[in-house]
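Novice: One structure, pasted below without further comment.
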Amino acid sequence: MTNDSESQLPADADDAGDPEDGAPVEAVPRARVPELLHAAVAAVGGAERPGQLRMAEAVADAVDHGEHLLVQAGTGTGKSLAYLVPALAHGDRVVVATATLALQRQLVERDLPRTVEALHPVLRRRPLFAMLKGRSNYLCLHRANEGTPSDEGEGLFDPVEAMGGPAGKLGQEVLRLRDWADETETGDRDDMTPGVSDRAWAQLSVTSKECLGATRCAYGQECFAEKARERAKLADVVVTNHAMLAIDAIEGAPVLPEHGLLIIDEAHELVNRVTGAATAELTVGAVNRAVKRAARLANEKAVDALQAAAENYHGLMETAQPGRVEELPEYLGYAVTAIRDAARQVITSLGETRDKGLSDEDAVRKQAMASAEALHETADRLLQDSEYDVVWIERGDRYGLGTASLRVAPLSVSGLLREGLYKERSVVLTSATLKLGGDFNGVAASVGLPSEARLPDVRTPGDNPEAAGAGFGDEPVPHWRGIDVGSPFKYPKQGILYVARHLADPGRDPERPDMLDELAELIGAAGGRTLGLFSSMRGAQAAAEAMRERLDHRILLQGEDTLGELIREFASDATTCLFGTLSLWQGVDVPGSACQLVVMDRIPFPRPDDPLMSARQKDVEQRGGNGFMAVAATHAALLMAQGAGRLVRAGDDRGVVAVLDPRVETKRYGGFFRSSMPEFWYTTDRNQVRRSLAAIDASAAPVRPVVKRG
Numbered sequence: 001m002t003n004d005s006e007s008q009l010p011a012d013a014d015d016a017g018d019p020e021d022g023a024p025v026e027a028v029p030r031a032r033v034p035e036l037l038h039a040a041v042a043a044v045g046g047a048e049r050p051g052q053l054r055m056a057e058a059v060a061d062a063v064d065h066g067e068h069l070l071v072q073a074g075t076g077t078g079k080s081l082a083y084l085v086p087a088l089a090h091g092d093r094v095v096v097a098t099a100t101l102a103l104q105r106q107l108v109e110r111d112l113p114r115t116v117e118a119l120h121p122v123l124r125r126r127p128l129f130a131m132l133k134g135r136s137n138y139l140c141l142h143r144a145n146e147g148t149p150s151d152e153g154e155g156l157f158d159p160v161e162a163m164g165g166p167a168g169k170l171g172q173e174v175l176r177l178r179d180w181a182d183e184t185e186t187g188d189r190d191d192m193t194p195g196v197s198d199r200a201w202a203q204l205s206v207t208s209k210e211c212l213g214a215t216r217c218a219y220g221q222e223c224f225a226e227k228a229r230e231r232a233k234l235a236d237v238v239v240t241n242h243a244m245l246a247i248d249a250i251e252g253a254p255v256l257p258e259h260g261l262l263i264i265d266e267a268h269e270l271v272n273r274v275t276g277a278a279t280a281e282l283t284v285g286a287v288n289r290a291v292k293r294a295a296r297l298a299n300e301k302a303v304d305a306l307q308a309a310a311e312n313y314h315g316l317m318e319t320a321q322p323g324r325v326e327e328l329p330e331y332l333g334y335a336v337t338a339i340r341d342a343a344r345q346v347i348t349s350l351g352e353t354r355d356k357g358l359s360d361e362d363a364v365r366k367q368a369m370a371s372a373e374a375l376h377e378t379a380d381r382l383l384q385d386s387e388y389d390v391v392w393i394e395r396g397d398r399y400g401l402g403t404a405s406l407r408v409a410p411l412s413v414s415g416l417l418r419e420g421l422y423k424e425r426s427v428v429l430t431s432a433t434l435k436l437g438g439d440f441n442g443v444a445a446s447v448g449l450p451s452e453a454r455l456p457d458v459r460t461p462g463d464n465p466e467a468a469g470a471g472f473g474d475e476p477v478p479h480w481r482g483i484d485v486g487s488p489f490k491y492p493k494q495g496i497l498y499v500a501r502h503l504a505d506p507g508r509d510p511e512r513p514d515m516l517d518e519l520a521e522l523i524g525a526a527g528g529r530t531l532g533l534f535s536s537m538r539g540a541q542a543a544a545e546a547m548r549e550r551l552d553h554r555i556l557l558q559g560e561d562t563l564g565e566l567i568r569e570f571a572s573d574a575t576t577c578l579f580g581t582l583s584l585w586q587g588v589d590v591p592g593s594a595c596q597l598v599v600m601d602r603i604p605f606p607r608p609d610d611p612l613m614s615a616r617q618k619d620v621e622q623r624g625g626n627g628f629m630a631v632a633a634t635h636a637a638l639l640m641a642q643g644a645g646r647l648v649r650a651g652d653d654r655g656v657v658a659v660l661d662p663r664v665e666t667k668r669y670g671g672f673f674r675s676s677m678p679e680f681w682y683t684t685d686r687n688q689v690r691r692s693l694a695a696i697d698a699s700a701a702p703v704r705p706v707v708k709r710g
């Protein structure tokens, strides 16, 4: 994760042409929000929706009163315009953080340009907007022209030769990157088509800690990342991602410009993304790389100490058993301490050689310093034995083979988010799935908004949140409201939620004969058209193998091609089925007759041996709560709500969500899952579902060619 931020203005931003562009913006009265929304919707060729207007007014209201807002906006609401319009009308700088690249590009390339043009007559200016990314997303001109630091301690080398020469595939990618460097205006990896592999890109990019800095680098004035950062400082709307938001909020590294409104889209992903950004790992490979990178410039004593620490750690981790570590065993503590202390010696030694005029070695030194500092920080965190961290041993691959590593992650990010997000600005969090079990409180608590700080969902004339302590600054708790603006889709008429009550409860064995029989019959009734969502890759593979033997329908399986290509094939042939695991549960958008049956094999509870989830569950129980419902059930309900949302993506879509896990009907917690999903017509009647699928199949419209993710 990088510690820097960059931006990219749209290509036509400099041509806005208004003399008042860039001038301070006066807020547009809230009463004009409906008028502005109408203009914006017309500009994108859409239709106004009641939920969209309600959301826009709620966002404007929250900003006016200095409050925080959770908005559940179902698929098809048009939530992007619903928050952009009041944000632009407010006049202060706004930051929009999303989870996916697809939505970031949609905002910058489609929604913002059209909205800015539509609102220009009222705003009397065209607000500037930019995308904010980490430095490693931009090509480094120094590496492209001067070479890449060698991990073998030989200074800089030509990455083409390192990647197999000009005839090798990776070498060809590096050559193409060099040619592209002379053509591109942005240097942004996402603007390169076709793209290159991660390995090739890594040769010509740097992290913020590896960067020489604009003043020391010979290419500082031309640097793509630096130019992008400067443009970002002028932007009125900055589009970024959850990971960058996490750095700004919890690491004390101000990478975002000052702003009066923060909008977090795809907010159901926030906790996972922040947890990922706050997780560190101590691997044998990282220690060995640090040794190689330090070998040329650090003193021999420091390098030898780190080498010895690396060898000792490697030996211990070869036989280490995976699982949570409540307290570091003495032998591991000694090993991690040795790495920390040796890394400190290397850092000190590298610092002593900084100003000795070693020609082109600045880049080598920066890379070596970055590796040593990362080792020191992770080792030191592991040794702190904080009650707020979870430490575990993890194997390097899914089969539990190979050398293990130590990982450390926060027990909870709610406190970090509460301290870092909600001061001095309004925050709007929105998603299609924020209410679990019919209530906002679970998700709100996970992002740092406690239930005791919740204000009435609807403001009344006598409502005085200021008297209750709302606002910013030294507030004891961040006050918030939650609203559900619904969806324009008629879920009870467009979809059926079917739970196969007659099946046996699933065990650990993915090969469930009765479930496979049920799956085959459902696919047959639907005529293909099935998105199969499985809780494990083993389950998806077993089901794909069984269906390929039983059915004539083509079964696509995640991992057998790129995800984008699999989705395109699935959408282009109505008789095709697509099976996969977690990355298919959310973000797949296939409207039309290609997807009329969504199947979930079982409730996607986290693995019982998941160190972080089990630690969080235990923590809730020790504090008197229901750990199962607060952690395991909430995790599963969020995935099921997202998975069910794959079915209805347009106003004329129809189909069935089939859950092949009877516990959704037979267990007490089943109601929690059912109420977390869209309000489809509910049944456990297998014959009714087969008749309905056959009828839908018979009347299915031609498959639509348009497929998008986001």
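If you use UniProt numbering, the sequence shown corresponds to residues 1 to 710, in order.
A virtual CB, placed ideally from N, CA and C, is assigned to each residue, including glycine.
In this text, all values refer to a predicted model and were calculated from it rather than measured experimentally.
Using the three-state DSSP reduction, which class does Ile603 fall into: helix, strand or coil?
Specialist: coil
Novice: Does the beta-carbon of Leu693 have 16 or more other beta-carbons within 10 angstroms, so that it is buried, or is it exposed?
Specialist: buried
Novice: Beta-carbon within less than 8 Å of Arg381's beta-carbon, same chain only, minus the 5 sequence neighbours each way: which residues are those?
Specialist: Ala280, Asp389, Val408
Novice: The alpha helix (DSSP H) that contains Asp304, what's its start and end?
Specialist: 300-318
Novice: Taking 8 Å as the threshold (beta carbon to beta carbon), is Asp517 in contact with chain C?
Specialist: Absence of chain C from the displayed structure is noted, only one protein chain being present.
Novice: Determine, using beta carbons only, whether Arg659 and Ala525 come nearer to each other than 8 Å.
Specialist: For the sequence presented, residue 659 should be read as Val rather than Arg. Not in contact: Val659 and Ala525 (Cβ atoms no closer than 8 Å).
Novice: Which residue's Cα is closest to the Cα of Leu328: Asp385, Ala632, Thr576?
Specialist: Measuring from the Cα of Leu328, the nearest candidate turns out to be Asp385.
Novice: Taking the alpha-carbon of Met640 as reference, which of Leu436, Ala445, Gly482, Asn441 has the nearest alpha-carbon?
Specialist: Leu436
Novice: Using only alpha-carbon positions, find the residue among Phe570, Leu406, Val59 that is nearest to Pro611.
Specialist: Leu406
Novice: Cβ of Glu318 within 8 Å of Cβ of Arg93?
Specialist: no
Novice: Classify Asn687 as buried or exposed, calling it buried when 16 or more other Cβ atoms lie within 10 Å of its own Cβ.
Specialist: By the 10 Å Cβ count, Asn687 comes out exposed.
Novice: Among residues of its own chain, excluding the 5 on either side of Val33, which ones have a beta-carbon nearer than 7 Å to its beta-carbon?
Specialist: Cβ within range, chain order: Ala56, Glu57, Ala60, Val85, Pro86, Ala89.
Novice: Might you give, ordered along the chain, the residues of its own chain that have their beta carbon closer than 7 Å to the beta carbon of Arg548, omitting 5 neighbours on each side?
Specialist: Ile555
Novice: How long is the line joining the alpha carbons of Pro637 and Phe605, rounded to whole angstroms?
Specialist: Reading the sequence as shown, one finds Ala at residue 637 and not Pro. Approximately 9 Å, taken between the alpha carbons.
Novice: DSSP three-state label for Tyr491, please.
Specialist: Here Tyr491 sits in helix by DSSP.
Novice: Mark Gly74 as exposed unless 16 or more other C-beta atoms lie within 10 angstroms of its C-beta, in which case mark it buried.
Specialist: buried
Novice: I'd like to know whether the C-beta atoms of Gly495 and Val287 end up nearer to each other than 8 Å.
Specialist: Taking 8 Å as the Cβ cut-off, Gly495 and Val287 do not qualify as a contacting pair.
Novice: Write down every uninterrupted run of the beta strand (DSSP E) in the segment 558-635 whose length is 3 residues or greater and which is fully enclosed by it, in chain order.
Specialist: 577-580, 597-600
Novice: From the DSSP output, read off the bridge partner residues of Ile131.
Specialist: The identity of residue 131 in the sequence shown is Met, whereas the question assumes Ile. Paired residues: Val239.
Novice: In the DSSP assignment, the alpha helix (DSSP H) including Glu521 goes from what residue to what residue?
Specialist: 513-526
Novice: Among Leu449, Glu518, Asp514, Gly438, which one has its Cα closest to the Cα of Gly486?
Specialist: Gly438
Novice: Can you tell me the Cα-Cα spacing of Gly532 and Lys490, whole angstroms?
Specialist: 23 Å
Novice: Under 6 Å Cβ to Cβ from Thr215, same chain only, skipping five residues before and after it: list those, please.
Specialist: The answer is none, since no qualifying residue turns up.
Novice: Asn312 to Thr337, Cα distance in whole Å?
Specialist: Straight-line Cα distance between these residues: approximately 11 Å.
Novice: Between Ala39 and Ala130, what straight-line distance do the alpha-carbon atoms span, to the nearest angstrom?
Specialist: Rounded to whole angstroms, Ala39 to Ala130 spans 22 Å at the Cα level.
Novice: Put Asp61 into one of helix, strand or coil per three-state DSSP.
Specialist: helix
Novice: Roughly how far, in whole angstroms, is the beta-carbon of Pro322 from the beta-carbon of Ala267, given that I think they are within contact range, below 8 Å?
Specialist: Between Ala267 and Pro322 the Cβ distance is about 32 Å, and since that is not below 8 Å, they are no contact.
Novice: Note down, in chain order, each residue of its chain lying with its Cβ closer than 6 Å to the Cβ of Ala448, except the 5 sequence neighbours on either side.
Specialist: The question names Ala, but residue 448 in the sequence shown is Gly. These residues qualify, in order along the chain: Ser414, Leu417, Arg418.
Novice: Would you list the one or two residues that DSSP bridges to Glu394?
Specialist: Bridge partners of Glu394: Ser405.
Novice: DSSP three-state call for Arg124: helix, strand or coil?
Specialist: Shown here, Arg124 sits in coil according to DSSP, grouped into three states, outside any helix or strand.
Novice: For the beta strand (DSSP E) containing Asp484, name the first residue and the last one.
Specialist: 480-486
Novice: Where does the unbroken beta strand (DSSP E) through Tyr682 begin, and where does it stop?
Specialist: 681-683
Novice: Is the segment 171-180 touching the segment 191-201 in the sense that three or more CB pairs, one from each, lie closer than 8 Å?
Specialist: yes
Novice: Give me the Cα-Cα distance between Lys233 and Gly187, rounded to the nearest whole angstrom.
Specialist: 18 Å
Novice: So the beta strand (DSSP E) Val71 belongs to, where does it begin and stop?
Specialist: If you look at Val71, you'll find it in the beta strand (DSSP E) that goes 68-73.
Novice: Restricting to Cα atoms, I'd like to know which of Leu261, His242, Met244 is closest to Asp236.
Specialist: Leu261
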